[in-house]
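Asker: So the sequence shown is numbered by the working numbering: it starts at 27 and just counts up by one. The beta carbon of each residue, even a glycine, is placed where N, CA and C say it ideally should be. All values reported here derive from a predicted model rather than from experimental measurement.
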Amino acid sequence: MHADARSSRSSLADTDIVLARQLRNRSSAPDRVPSGGHDAGEPLTGALSPFEVLFEADLPSYALPHELNRLYGRLGFADRVVYSNFVSSVDGVVTFGSGVSAGSVISGKNPADRFLMGLLRACADAVVIGVGTLRATPGHLWTPAHVCPDFATEFATLRNTLRRSPEPRLVILSNRGQLDFDHPALKGALVITTKDGAKRCSSRVPSSCEVITLGTGKAVDIKRAFAEMTRVGYEVVLTEGGPHVMGELIKSRLLDEMFLTLSPVIAGRDKEHRLGMVEGVELLPRIPVWSRLRSARRHGDYLFLRYALPR
27 MHADARSSRS
37 SLADTDIVLA
47 RQLRNRSSAP
57 DRVPSGGHDA
67 GEPLTGALSP
77 FEVLFEADLP
87 SYALPHELNR
97 LYGRLGFADR
107 VVYSNFVSSV
117 DGVVTFGSGV
127 SAGSVISGKN
137 PADRFLMGLL
147 RACADAVVIG
157 VGTLRATPGH
167 LWTPAHVCPD
177 FATEFATLRN
187 TLRRSPEPRL
197 VILSNRGQLD
207 FDHPALKGAL
217 VITTKDGAKR
227 CSSRVPSSCE
237 VITLGTGKAV
247 DIKRAFAEMT
257 RVGYEVVLTE
267 GGPHVMGELI
277 KSRLLDEMFL
287 TLSPVIAGRD
297 KEHRLGMVEG
307 VELLPRIPVW
317 SRLRSARRHG
327 DYLFLRYALP
337 R
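1. Is residue 151 buried or exposed, if buried means 16 or more other CB atoms sit within 10 Å of its CB?
2. Could you tell me whether any non-hydrogen atom of the ligand MG is closer than 7 Å to the CB of residue 88?
3. Over the uninterrupted alpha helix (DSSP H) stretch that includes residue 172, give me the two end residues.
4. Starting from residue 340, trace the beta strand (DSSP E) both ways and give me its first and last residue.
5. For residue 292, count neighbouring Cβ atoms within 10 angstroms of its own Cβ and tell me buried if that reaches 16, exposed if not.
6. Where do the ends of the beta strand (DSSP E) carrying residue 111 lie?
7. Under 8 Å: do the segment 76-90 and the segment 102-109 share three or more Cβ pairs, one atom per stretch?
8. Should residue 194 and residue 163 be called a contact, given that it needs their Cβ atoms to be closer than 8 Å?
9. Please check the pair residue 109 and residue 284, which I expect to be a contact at CB under 8 Å, by giving their CB distance rounded to whole angstroms.
10. To the nearest angstrom, report how far apart residue 238 and residue 248 are at their CA atoms.
11. Would you call the segment 182-193 in contact with the segment 137-151, where contact means no fewer than 3 C-beta pairs closer than 8 Å?
12. From what residue to what residue does the beta strand (DSSP E) around residue 82 run?
13. Using a 10 Å radius around the Cβ and a threshold of 16 neighbouring Cβ atoms, would you call residue 282 buried or exposed?
14. Can you find the residues in the same chain that come closer than 6 Å, C-beta to C-beta, to residue 214, ignoring five residues on each side of it along the sequence?
15. Mark residue 328 as exposed unless 16 or more other C-beta atoms lie within 10 angstroms of its C-beta, in which case mark it buried.
16. Write down every uninterrupted run of the alpha helix (DSSP H) in the segment 275-334 whose length is 4 residues or greater and which is fully enclosed by it, in chain order.
17. Please name the residue in 319, 277, 224, 318 whose C-alpha comes closest to that of residue 309.
18. Nearest CA to the CA of residue 176: which residue from 335, 302, 320, 145?
19. Since I believe residue 199 is in contact with residue 271 (beta carbons under 8 Å), could you give me their beta-carbon distance rounded to a whole number of angstroms?
20. Just verifying my parser: in three-state terms, what is the DSSP assignment at residue 179?
21. Pick out the complete beta strand (DSSP E) segments inside the segment 145-233, 3 residues or longer, and give them in chain order.
22. Check each candidate in 165, 166, 207, 279 and name the one with the smallest Cα separation from residue 228.
23. Residue 111 to residue 155, Cα distance in whole Å?
24. From the DSSP output, in three-state form, read off residue 121 for me.
25. Let me know the secondary structure DSSP gives residue 236 once reduced to three states.
26. Can you give the Cα-Cα distance for residue 241 and residue 186, rounded to whole angstroms?
27. Can you have a look at residue 35 and say buried or exposed, based on whether 16 or more other CB atoms are within 10 angstroms of its CB?
28. Using only the alpha-carbon positions, how far apart do residue 335 and residue 315 sit?
29. With distances taken between CB atoms, is the gap from residue 183 to residue 76 smaller than 8 Å?
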């Protein structure tokens, strides 16, 4: 475990006290989220107001286009980094048991959350998902403009400034190669799978889709997968994979940072098997992984948190 992992408990506790005081002492400012932000409909993002910065550590900072900087503030990453982005209900639910994408439901398609999704994608060389995420979101494209079209021009400008490709490369992790072969996101994607998975999918994916075999067993070797991404030049990598991908990344000490949107909705649990952010690995009490709060922002009733993990 990283030397900072245990000592960070005290600094994180101090930060929480400051954050709590800021929230408690602030005047009741007008809600920054439009009334449609809690609705299941598609709210407009054109009138998005700035995020309120509650806390921010000394972090790297890109030269963001003016409008992105005005809305979000500073944002940047180390030269080589793996970071995740999740939205969670207040009670810790990030997925539903039905296999349908839960993110938009849990966030209420909140404009600020969608803006941040686009911004984080705009920073990345590649976006990594699991095959379950692909199947749960038919028609989706993992590009900045798809999730937040109102800022497509600013996202493109940022990518040009960072000398990124016009769009981040979509990387799909699949153990069995059982893909939705009609999904539009497969065009130009990179599929990393097993030997058996490659046999199943190689002849069925679009010609623009690349398939790489990593491992002869039943599961993709996630360490080799990320090493391959680094080898081909994807050094700033965003994962939007599900809880099991998160579990593998944390277990393998591959994840550097987490972005977590805390939605004010309460999801509940009963019959459906609803997952939390990390699945497939049990950490507490034997091997706790203490994260460190790096920034906290507020937009209406939503909190936007950024954590660093020990490597």
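Answerer: In short:
1. Locating residue 151 in the sequence shown gives position 125, counting from the first residue. Under this definition residue 151 is a buried residue.
2. For the ligand MG, the structure offers nothing, since it holds no ligand at all.
3. Translated into positions along the sequence shown, residue 172 becomes position 146. Counting along the chain, the alpha helix (DSSP H) containing residue 172 begins and ends at 170-173.
4. One cannot answer for residue 340 here, as it falls past the ends of the chain, which runs 27 to 337.
5. Here residue 292 refers to the residue found at position 266 of the sequence shown. That one is exposed.
6. The count along the sequence shown starts at 1 and reaches residue 111 at position 85. From DSSP, the beta strand (DSSP E) with residue 111 extends over 107-114.
7. yes
8. Taking the sequence shown and counting its residues from 1, one reaches residue 194 at position 168. Taking the sequence shown and counting its residues from 1, one reaches residue 163 at position 137. Cβ atoms of residue 194 and residue 163: not closer than 8 Å.
9. Taking the sequence shown and counting its residues from 1, the one referred to as residue 109 is at position 83. Taking the sequence shown and counting its residues from 1, the one referred to as residue 284 is at position 258. Indeed, because the Cβ distance is near 7 Å, the residues count as touching under 8 Å.
10. Stepping through the sequence shown from its first residue, residue 238 is reached at position 212. Stepping through the sequence shown from its first residue, residue 248 is reached at position 222. Approximately 13 Å between the Cα atoms of the pair.
11. yes
12. Sequence index remark: in the sequence shown, residue 82 carries index 56 (1-based). Its beta strand (DSSP E) spans residues 78-82.
13. Within the sequence shown, numbered from 1, the residue matching residue 282 stands at position 256. Buried, since its Cβ has 16 or more Cβ neighbours within 10 Å.
14. For the purposes of this step, residue 214 is taken as residue 188 along the sequence shown, with counting starting at 1. Closer than 6 Å at the Cβ level, and outside the excluded window around residue 214, lie 234.
15. Residue numbering aside, residue 328 sits at position 302 when the sequence shown is read from its first letter. Per the 10 Å Cβ criterion, buried.
16. none
17. As a working note, residue 309 is residue 283 in the sequence shown. The option with the nearest alpha carbon to residue 309 is 277.
18. Locating residue 176 in the sequence shown gives position 150, counting from the first residue. When only C-alpha atoms are compared, the closest one is 145.
19. As a working mapping, residue 271 is identified with position 245 in the sequence shown. As a working mapping, residue 199 is identified with position 173 in the sequence shown. Residue 271 to residue 199, Cβ: 7 Å. Contact.
20. Start at 1 with the first residue of the sequence shown, and residue 179 comes out as number 153. Three-state result, residue 179: helix.
21. 152-156, 195-200, 216-219
22. Counted from its first residue, the sequence shown places residue 228 at position 202. Of 165, 166, 207, 279, the residue nearest in Cα terms is 207.
23. Position 85 of the sequence shown, counted from the start, is the residue given in the question as residue 111. Position 129 of the sequence shown, counted from the start, is the residue given in the question as residue 155. Roughly 11 Å separates the two Cα atoms.
24. Looking up residue 121 in the sequence shown gives position 95. Coil, per DSSP.
25. Counted from its first residue, the sequence shown places residue 236 at position 210. Residue state, collapsed to three classes: strand.
26. Position 215 of the sequence shown, counting from 1, holds the residue named residue 241. Position 160 of the sequence shown, counting from 1, holds the residue named residue 186. Whole-angstrom Cα-Cα distance: 35 Å.
27. Position 9 of the sequence shown holds residue 35. Reliability fails at residue 35, whose pLDDT of 35 lies under 50, so the model's placement of it is uncertain and the value that follows must be treated cautiously. It is exposed - the Cβ of residue 35 has fewer than 16 other Cβ atoms within 10 Å.
28. In the sequence shown, counting from the first residue as 1, residue 335 sits at position 309. In the sequence shown, counting from the first residue as 1, residue 315 sits at position 289. Going by the C-alpha atoms only, they are around 7 Å apart.
29. Indexing the sequence shown from 1 puts residue 183 at position 157. Indexing the sequence shown from 1 puts residue 76 at position 50. The answer is no: Cβ separation not under 8 Å.
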